[in-house]
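Residue numbers (the UniProt record's numbering): 1 to 1278.
Where is the CB? At the ideal position from N, CA and C, for every residue including glycine.
Working notes, structure below.
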């Protein structure tokens, strides 16, 4: 697969044609087309030399595309280069196997030609290992074996007919499976059971002693005499020629490899061979075609031959005259016992031919007992024994407890042993196992040790770690598979025994191979492995298969693989199961910690945090905050390891961003271009850059895992990747896996938007492309220089999790900057955080700050971010021409409101807007005409407008005029914005008139807002109208004596309760200087020195009653100027003010049907609205409040007129025809505008049209309302 998938440097995954730009240069989706048109305009707003720079950007993009493609070609070349040696090794290994098989066939053929008579072609000698175990002859032989076994057991087999040569292989396999029965295994084992011999050479069964000649049947085809009770594997009829029925009454069956009549072998000269053949003839044993026998090899390689004692005893005679024995391999011959093996081992003693033996393998000879073990001990400890032995494989042989210490001491004192395999030998059951291992590790020449399948206790694991790390030990390979005796019910506060050993393995500097598979390691073990082996100088292969690491363990293991010298990592079935406790996120280590230093994985977490401090160039004092108790932690490593305490508990808050980050409030001009790169650099410092060679070596790991999602998630949360890496993973997986790979790894290429777009083009279809964009939309449009907005994140999505990490870093940076600058804390919880209204799974989470909270890997996280750099004083908004083009593009884009939101959010860092421009931009969001469910679409459009205001709030160049934009929101929407941005950040510092306060003293910034208003009230001599204080117990205080002056101090404000009032002040008492100072102090805006003339004073219709609006309409119909109306009411020779009597006298002369009921009370309410200070007199400045209401009415009229012209194309008549035939009620009016997505005060405008107050309007009233109204001075002023 590797060779085919990367052949000729061309990957199978190519960008699909449907995602390419069309002939006009537009991209595939409506959102991309809108963004493609908005981006040049946004760049033009902030750069007068946009055209030359655009050409430079285009050339830079082309260069980046070329570089990305070159990296892909380079990666493919490296894959071919690094994998080519492996492929050549595999081919050479296959060729060597084929050659060895051919040589073996020749040796067996030569042996059969020399030492026995010719046999039929269909016959298979007993003990011969055939090449094709599924061939028809062998399957036929198997079937006959079980038929004869049935006959020997007294069962009559079913007659199924003779197998035909024309049958297929599958039919033979099925036939063999049908004829096998579980009962026959017991019989076969009985037939193969070794029996005691009369003498050293008499290995015949006792059942043959009393056999008569009549009970023997000659085997004509082979020329051998065999017992009729034994099933023949060679007879054509399933037995031994024509079987006599009397043969079934034998008492006990002999062994399958014995015979009664002597067979005549060809006489061959030669010492060892002659002895072997003579022994076989005397013992009636069938010779074995072993290489050691047939070809005179120096290696007795009989692994997996199924030898019995009778087969091995004749071989012992060959050791007398052998000139040199290099290897003895009797592995997996489970029938061998001490009867045959002890004589063989004794022949090795004082044998010059065996003193230079290099390898002795007795693996899985589990029938061996104490005599064989004692013989091996003698060979190892004697100077006449195996002094030149290099490898000893004793795995699977149970060593008696009384001999274990002697056995280990013999190994420890051996002068030449380099490799010892003691798997499953029972060492863990010895109470003195520590002493045994201590003796074992005294061997200075030992380089490979296998202690697998020995259940060791805790103290033994600790000792093994110490022994391996000792200076005199030179181990290069250590296998400890399934050695842990850990209890699966251990709590998180109990020590896993394997972790104790793993913690010390980092000091074994020569170790190159480590096997800790099947040791019940969990997530804590993965952390210990990462910490201990992350900087190991020689370890190249690690096996952690079949441990319960869980999916989170893949994070630690993959970081270990990428940052160390490992070349092979075996992790099969390691991420499928396991429970994970607290997950340590190295890429996002911020948070509160409580560590038990007696646990190895807690010590590893502390060491990893210290390593991170070193990488980030932070001191312990800067990163570890509020440490209890205070510990002295090292800033530098000793011998490559941080020495930390091994007992006690410690709690602290770790922050890697508190002492670093940009200065958000001092140099906001540089942040627009640099904050993205600073954030990316910060993320890369805590992540691993995946090198090309490691990416190639990760291919076998990726392909070996059945469930590839844990590996992909580990890459997503811990690595920085490039387009080449993503393309490689897409090409390796199945086509259905490509969208998952792209979605989860898209954010890892965040350093380049071009790389992300190229990764999107790897999708298999347009539907997949759109689906990926939809799920990664927040991440794709995230702007670090303007992060203010409402966030709804699904933490199981890698892109959203990465976005949450980025928000945490930005929040910490701004909080640190505010603390360094000594700014007032205007956060919601009193922690300088810009994050508000956090909800996790619909509930308020229990943490002090999002920056100190350990992010969970799953769940729904929702919050508002209200922060970011503010514009510098003197920043100019977007030019009128450029903004009008941008407005028209958004208005006529035909996109849905959410698509408009994403496009505008993406270009928000490039433009600054004025309050009036933002108001117009919010009006461009409307419901498309072809929408089916218009009610839901209208709610979506309302939410999008709130989001847009939230996004562009910190892009306003005239924050003192923000009331111009706020006035378009309804009371409900205004309350929602206050909740999202906070009452202090959203507080109208420069124009607080008529502001309605509804604040909770239990919330920090609500309490601060009350204190700010009370201070401002005292400085301006203002009033709180209708104040109310509801205590915590529910009782109400109407504050008859006024709001307490002590509330101007934050510390003296109540700790709980609700406060409600309306702020009112006379225009002549406004203190612009104080308001500007409060704007800078509490709002963190740097506004220039302002005068009253610099401010566009405004009113919100939601703060004005309908009677005031109707009175204003009456005045405007009679007087062209409001000042002229003031002078008329004041009268000739007036005092420059309007008293209550003068106002009521004038109102009595007003004849209007809209004031037909309760005229006196309604006019007095209008007077109280204009008399803000309740002095009983309206001054000219207070009368000017009507002018601010008139400006808002004119602007609302203009906005509605423009909306209707855009919506219905033809004009007002087409709009009316679409709504009604004759008259339209107020309810119909509001419903039609809401469904169309109109943004404005529809109820107030309808009341103006409905002059007779009839509850409905006609087309004439509708048309007269817009005649000449949109050209008023108030609209032009805004």
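1. Mark residue 416 as exposed unless 16 or more other C-beta atoms lie within 10 angstroms of its C-beta, in which case mark it buried.
2. Does the Cβ-Cβ distance between residue 814 and residue 828 come in under 8 angstroms?
3. Can the beta-carbon of residue 603 be found less than 8 angstroms from the beta-carbon of residue 548?
4. Anyone know if the C-beta pair for residue 467 and residue 437 falls short of 8 angstroms?
5. For residue 1066, which of helix, strand or coil comes out of DSSP?
6. Name the one or two DSSP bridge partners that residue 1004 has.
7. Any contact of the segment 643 to 657 with the segment 616 to 625, i.e. 3+ C-beta pairs under 8 angstroms?
8. Would you decide whether residue 1157 is buried or exposed? Buried here means 16 or more other CB atoms lie within 10 Å of its CB.
9. Mapping the DSSP letters down to three states, classify residue 623 as helix, strand or coil.
10. Helix, strand or coil for residue 199, going by three-state DSSP, please let me know.
11. Going by beta carbon distance, what residues of the same chain come within less than 7 angstroms of residue 506, once the five residues before and after it are set aside?
12. Which residues in the same chain as residue 1071 place their Cβ atom closer than 7 angstroms to its Cβ, once the five residues preceding and following it in sequence are excluded?
13. In this structure, how does DSSP classify residue 568 when only helix, strand and coil are distinguished?
14. Could you tell me the alpha carbon to alpha carbon distance between residue 864 and residue 1078, rounded to whole angstroms?
15. Can you give me the Cβ contacts of residue 844 inside the same chain, cut-off strictly under 8 angstroms, excluding the 5 residues immediately before and after it?
16. DSSP on residue 911, reduced to helix/strand/coil?
17. Taking the alpha helix (DSSP H) that residue 769 belongs to, which residues open and close that run?
18. Since residue 653 is in the beta strand (DSSP E), which residue starts that stretch and which ends it?
19. Would the segment 353 to 366 count as touching the segment 392 to 403 if we require 3 or more Cβ pairs under 8 angstroms?
20. Decide if the segment 779 to 793 is in contact with the segment 899 to 909; the criterion is three or more beta carbon pairs, one per stretch, under 8 angstroms apart.
21. How would you call residue 797, buried or exposed, if buried means at least 16 neighbouring beta carbons within 10 angstroms?
22. Can you tell me whether residue 869 is buried or exposed? The criterion is at least 16 other CB atoms within 10 Å of its CB, across all chains shown.
23. As a quick exercise: from 727, 1181 and 737, pick the residue whose alpha carbon is nearest that of residue 1284.
24. When you compare each of 447, 516, 510 and 410 to residue 461 by their alpha carbons, which one comes out closest?
25. What ranges does the beta strand (DSSP E) occupy inside the segment 426 to 475, keeping only unbroken runs of at least 3 residues that lie completely in it?
26. Who pairs with residue 790 in a beta bridge, going by DSSP?
27. When the Cα atoms are used, what is the spatial distance from residue 528 to residue 499?
28. Starting from the C-beta of residue 852, find all residues in its chain whose C-beta is less than 7 angstroms away, skip the five residues before and the five after it, and write them out in chain order.
29. So, is residue 324 buried or exposed, given that buried needs 16 or more other C-beta atoms within 10 angstroms?
30. In angstroms with no decimal places, state the Cα-to-Cα distance between residue 941 and residue 739.
31. Do the segment 1200 to 1219 and the segment 1118 to 1134 meet, that is, are 3 or more Cβ pairs less than 8 angstroms apart?
32. Could you give the distance in angstroms between the alpha-carbon of residue 880 and the alpha-carbon of residue 804?
33. Leaving out five residues on either side along the sequence, give the residues of the same chain with a beta carbon under 7 angstroms from the beta carbon of residue 472.
34. In angstroms, rounded to a whole number, what distance separates the CA positions of residue 354 and residue 385?
35. What did DSSP end up calling residue 378 once you bin it into helix, strand or coil?
36. How far does the alpha helix (DSSP H) with residue 704 in it reach, from first residue to last?
Concretely, from the data shown:
1. Looking at its Cβ environment, which holds fewer than 16 other Cβ atoms inside 10 Å, residue 416 is exposed.
2. No. Outside cutoff.
3. The answer is no: Cβ separation not under 8 angstroms.
4. Taking 8 angstroms as the Cβ cut-off, residue 467 and residue 437 qualify as a contacting pair.
5. Correct three-state label for residue 1066: coil.
6. Answer is none; residue 1004 lacks a bridge partner.
7. The segment 643 to 657 vs the segment 616 to 625: in contact.
8. With fewer than 16 Cβ atoms within 10 Å of its Cβ, residue 1157 is classed as exposed.
9. Per DSSP, reduced to three states, the secondary structure at residue 623 is helical.
10. Low confidence applies to residue 199: its pLDDT is 35, below 50, so where it sits in the model is not reliable, and the reading given next is rough at best. Coil, per DSSP.
11. Scanning its chain for C-beta atoms nearer than 7 angstroms, with the 5 sequence neighbours on each side dropped, one finds around residue 506 the residues 532, 533, 536 and 641, in chain order.
12. Cβ within range, chain order: 1019 and 1020.
13. Three-state result, residue 568: strand.
14. About 23 angstroms.
15. Only 838 meet the Cβ criterion.
16. Shown here, residue 911 sits in coil according to DSSP, grouped into three states, outside any helix or strand.
17. Note, residue 769: alpha helix (DSSP H), 766 to 775.
18. Run containing residue 653: 649 to 654, per the beta strand (DSSP E) assignment.
19. Touching, per the Cβ criterion.
20. Proximity of the segment 779 to 793 to the segment 899 to 909 meets the contact definition, three or more beta-carbon pairs being nearer than 8 angstroms.
21. Of the other Cβ atoms in all chains shown, 16 or more fall within 10 Å of the Cβ of residue 797; this residue is therefore buried.
22. When all chains shown are included, residue 869 counts as buried.
23. Residue 1284 lies beyond the range of the chain shown here (1 to 1278); nothing can be said about it.
24. The option with the nearest alpha carbon to residue 461 is 516.
25. The segment 426 to 475 contains these whole beta strand (DSSP E) runs: 448 to 450.
26. Looking at the DSSP assignment, residue 790 forms a beta bridge with 864.
27. About 7 angstroms.
28. Within the same chain, 590, 591, 592 and 653 come within 7 angstroms of residue 852 by CB-CB distance, once the 5 residues on both sides are set aside.
29. Residue environment analysis places residue 324 among the exposed positions, since fewer than 16 neighbouring C-beta atoms fall within 10 angstroms of its C-beta.
30. So the two alpha carbons sit approximately 30 angstroms from each other.
31. The segment 1200 to 1219 makes no contact with the segment 1118 to 1134, as fewer than three CB pairs between them are under 8 angstroms.
32. Computed Cα separation, rounded: 36 angstroms.
33. Taken in chain order, the residues that qualify are 444.
34. Straight-line measurement puts the Cα of residue 385 at about 8 angstroms from the Cα of residue 354.
35. In the structure shown, residue 378 sits in a helix (DSSP, three-state: H, G or I).
36. Note, residue 704: alpha helix (DSSP H), 692 to 704.
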